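In the working numbering, the protein residues as written are 125 to 545.
Step one of this worksheet: look at the structure below.
Have a look at this one:
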């Protein structure tokens, strides 16, 4: 009995030593701090929209059009349109693709080969698409891209497939669209400008991709005269919408270090155009402000992120690699506040919502912080299976899109502070 007791005590002691290991403690996610809530997010509606990301690395972001419709796409090609205020489903469709085609057998001219080919494709069932990046919308269509390098356009009124075009490689970020054109960034460093009505290619821009990069690409930004894109090389480039010529290019970060891992400087977040400036940030690098017209540098600060950034109320908000949230002055670049209280909780990119900034951590908690000073205002754990897709805020509603395809809309409510006794 004594031996057993000593053995148990030894195991407990070893466990205690292990739990106090400085290396493990240094990697432990920060504990959630207590605070008095001054705001609240009230659920307005929630709907299951299909496959979601299905645990694959898809960057699928809902999109709203001017008619107050919100669109979603799942990794398996299930597309839905809903009323953004009520969540009522307006239409849904599930796009399929035939794996292979008779083109794969053009070199086989014998009647035996032709017979085998016809039997093979007669037996084959349509397969679901594998969608990697979306969504973009204009007044007529919804656009998204696949792991197979295809870009798809469906009618925004009924979900009917309008066209599909094969590009050089995977489309891992949402396209950008207006009434005339669609801009697409593929993972092999190419940018395509397509006709929005037909999918016909207008021009293509190529850039060399580093040996080792993060999983993902930056979504392009369309202005009336520019396509602005961030690349895995750490560069941000402005291309003329008319012909794809380079208007300016700026290196946000330069690769440093001896190993390829240390030299990763991807720009995976979407650049933000605001008040005549372009804001962008890179992994293991910097966050910068550039003039939109000429690419002239306004300021630069050290920051590492692979997420989207947010710009609002004279501040630029970034969630860093180690899960700090920092607010920079949008004109001077000086840090105005930093919130360290979510360190190592693997938070996503910040989203503006009224007077607050929202982030979701790896454990599924959604945090609201005051824009003015970074203080916590609200926290809760929404229902859903992980939230790798960026949030969306429009028409005073915050939308979250869970990995399992659940789309939920929240309205912001102010909460009066408790009265002192």
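The beta-carbon is built from N, C-alpha and C at its ideal position, and this holds for glycine as well.
Computed from a predicted model, the values in this text were never measured in an experiment.
Does the segment 198 to 211 come close enough to the segment 519 to 538 that 3 or more CB-CB pairs lie under 8 angstroms?
Touching, yes.
Which residue comes first and which comes last in the beta strand (DSSP E) that contains residue 551?
Examination of residue 551 is not possible in this model, given that the chain is present from 125 through 545 alone.
Touch check for the segment 487 to 507 and the segment 181 to 188: three-plus C-beta pairs under 8 angstroms?
Between the segment 487 to 507 and the segment 181 to 188 there are fewer than three C-beta pairs closer than 8 angstroms, too few to call the two in contact.
So residue 165 and residue 522 are in contact, right, with Cβ under 8 angstroms, and what is the actual spacing, rounded?
Contact flag correct, Cβ pair sits at about 6 angstroms.
Mapping the DSSP letters down to three states, classify residue 245 as helix, strand or coil.
Note that residue 245 scores a pLDDT of 40, beneath 50, so its modelled location is shaky and nothing firm can be said.
Status (buried if at least 16 other CB within 10 Å, exposed otherwise) for residue 416
By the 10 Å Cβ count, residue 416 comes out buried.
Residue 226 by DSSP, collapsed to three states: which one?
In this predicted model, residue 226 has a pLDDT of only 32, less than 50, meaning its place in the structure is not dependable enough to derive any value.
Sequence-distant residues of its chain with Cβ nearer than 6 angstroms to residue 464 (five each side left out)
So the list reads 448, once near-sequence residues are dropped.
Check this for me: beta carbons of residue 489 and residue 505, under 9 angstroms apart or not?
Result yes, Cβ atoms of residue 489 and residue 505 sit closer than 9 angstroms.
Return the CA-CA distance between residue 387 and residue 342, expressed in angstroms with no decimal places.
C-alpha of residue 387 to C-alpha of residue 342: approximately 18 angstroms in a straight line.
Cβ of residue 329 within 9 angstroms of Cβ of residue 370?
Residue 329 places its beta carbon less than 9 angstroms from that of residue 370.
Compare the Cα-Cα distances from residue 310 to each of 256, 322 and 261 and report the closest residue.
The residue with the shortest Cα to Cα distance from residue 310 is 256.
Fully enclosed by the segment 443 to 484, which alpha helix (DSSP H) runs are 4 residues long or longer?
Given a length threshold of 4 residues, the segment 443 to 484 has no whole run of the alpha helix (DSSP H) inside it.
Please report the straight-line C-alpha distance between residue 375 and residue 479, rounded to a whole angstrom.
The alpha-carbon separation between residue 375 and residue 479 amounts to approximately 33 angstroms.
Assuming residue 390 is part of the beta strand (DSSP E), what are its boundary residues?
Element bounds for residue 390: n/a, residue is neither H nor E.
Separation of residue 535 from residue 167, as counted between CA atoms
Roughly 6 angstroms separates the two Cα atoms.
Would you call the segment 350 to 365 in contact with the segment 322 to 339, where contact means no fewer than 3 C-beta pairs closer than 8 angstroms?
In the pairwise beta carbon analysis, the segment 350 to 365 is classified as touching the segment 322 to 339: at least three pairs are separated by under 8 angstroms.
Mapping DSSP to helix, strand and coil, what is residue 151?
Here residue 151 sits in helix by DSSP.
Please give the ranges of any alpha helix (DSSP H) in the segment 309 to 381, keeping only runs that are unbroken, at least 4 residues long and fully inside the region.
Those alpha helix (DSSP H) runs which fall completely within the segment 309 to 381 and span 4+ residues do not exist here.
Counting along the chain, where does the beta strand (DSSP E) carrying residue 532 start and finish?
Taken as a continuous stretch (DSSP letters only), the beta strand (DSSP E) holding residue 532 covers 530 to 538.
Any idea what DSSP makes of residue 411, helix, strand or coil?
Of the three classes helix, strand and coil, the one that applies to residue 411 here is strand, per DSSP.
Could you have a look at residue 277 and say whether DSSP puts it in helix, strand or coil?
Of the three classes helix, strand and coil, the one that applies to residue 277 here is strand, per DSSP.
Can you give me the Cβ contacts of residue 215 inside the same chain, cut-off strictly under 6 angstroms, excluding the 5 residues immediately before and after it?
By the criterion of a C-beta distance shorter than 6 angstroms, residue 215 is surrounded in its chain by 205, 282 and 283, once the five residues flanking it on both sides are discounted.
For residue 207: DSSP bridge partner residues:
Its beta-bridge partners are 193.
Alpha-carbon to alpha-carbon, residue 170 and residue 195
Going by the C-alpha atoms only, they are around 14 angstroms apart.
Buried versus exposed, by CB contacts within 10 Å (16 or more), residue 317:
Residue 317 sits buried, since 16 or more C-beta atoms from the chains shown fall within 10 Å of its C-beta.
Classify residue 421: buried if its beta carbon has 16 or more other beta carbons within 10 angstroms, exposed otherwise.
With fewer than 16 other Cβ atoms within 10 Å, it is exposed.
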